[in-house]
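These notes are about the structure you will find just below.
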Ligand code: DC
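Residue numbers (my numbering): 21 to 249.
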């Protein structure tokens with residue numbers, strides 16, 4: 021049987037983690053899990069149930085509701101990746117809106133939320149052959165991962181990428197707002213008490229501010245092939 025390894029990709033928001041992860045998963049026929057989508061789906065549940073807004077956050081109520089939140093990735097053959105379902109409803113598009121992005125870091129700070137999602141992520145990776153991206157994959161979810169990558173890029177480059185993505189989708193956003201959101205999420209994600217965004221000691225850092233996708237992909241494939249041989 022061919023060896024199947026576990027690949028952890030962590031890093032700041034909009035560093036292209038998911039683009040790289042999808043390419044790797046398709047090439048090696050691995051499962052790809054976007055853990056940010058899971059935190060975003062819990063945030064959507066909280067928004068829909070009036071547990072969070074820009075002005076309030078009913079933390080205890082959200083903690084008590086966690087058992088009612090079911091998250092599922094379903095593979096979409098036309099798109100070539102799995103879409104996020106929240107309580108059996110496809111929320112793949114809604115979870116990427118700026119209104120969710122603005123609140124998700126607050127939800128991701130809650131230890132009970134993290135505990136639930138980390139347990140589900142560990143279960144998904146139990147047989148290896150997985151590439152998972154997020155903030156705590158190499159440090160908390162799979163500390164024994166065979167390959168750990170840590171992606172960075174300047175806040176300005178990341179905000180520009182995110183801005184283009186949202187504009188291409190038809191969302192009405194302004195660049196300053198996106199840049200502020202990127203910087204604010206960096207701050208909350210890196211300074212939270214439970215599982216802050218940290219580079220694992222054994223992670224390989226990629227600053228892709230000026231590196232194209234193809235170059236990154238080729239370098240990463242070499243790292244993977246070394247571990248498979
Ligand atoms: O990767 P993303 O931007 O879609 O993630 C959304 C938010 O979820 C991000 O601001 C931090 C949080 N997150 C986390 O705390 N831990 C993860 N493993 C993945 C995401």
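By construction, the Cβ of each residue, glycine as well, lies at the ideal position given by its N, Cα and C atoms.
| Asked | Found |
| --- | --- |
| Heavy atom of the ligand DC within 6 Å of residue 156 beta-carbon | yes |
| Residue 90 and residue 69 closer than 7 Å at C-beta | no |
| Residue(s) in a DSSP beta bridge with residue 26 | 150 |
| Member of 151, 194, 239 and 63 whose CA lies at the smallest distance from the CA of residue 123 | 63 |
| Every unbroken beta strand (DSSP E) within the stretch 205–244, with a cutoff of 3 residues, ordered by chain | 224–227 |
| The ligand DC heavy atom lying under 6 Å from the CB of residue 119 | no |
| DSSP beta-bridge partners of residue 31 | 171 |
| For residue 104: DSSP bridge partner residues | 93 |
| Whether residue 182 touches residue 198 by CB criterion (7 Å) | yes |
| CB contact flag (residue 168, residue 222, <7 Å) | yes |
| Helix, strand or coil at residue 74 [DSSP, three-state] | coil |
| Residue 56 beta carbon near the ligand DC (any heavy atom closer than 6 Å) | yes |
| Given residue 241 as reference, the closest of 46, 33, 31 and 22 once Cα atoms are compared | 46 |
| Buried versus exposed, by CB contacts within 10 Å (16 or more), residue 129 | buried |
| Inter-residue spacing [alpha-carbon to alpha-carbon] between residue 25 and residue 102 | 20 Å |
| Boundaries (first-last residue) of the beta strand (DSSP E) holding residue 52 | 51–54 |
| Stretch pair the stretch 42–56 + the stretch 92–102: three plus CB contacts closer than 8 Å | yes |
| Cβ-Cβ distance between residue 61 and residue 127 below 7 Å | no |
| Backbone CA spacing between residue 67 and residue 249 [nearest angstrom] | 47 Å |
| Residue burial classification, residue 95 (beta-carbon count within 10 angstroms, cutoff 16) | exposed |
| Contact under 7 Å by Cβ, residue 92 with residue 237 | no |
| Three-state secondary structure assigned by DSSP to residue 202 | helix |
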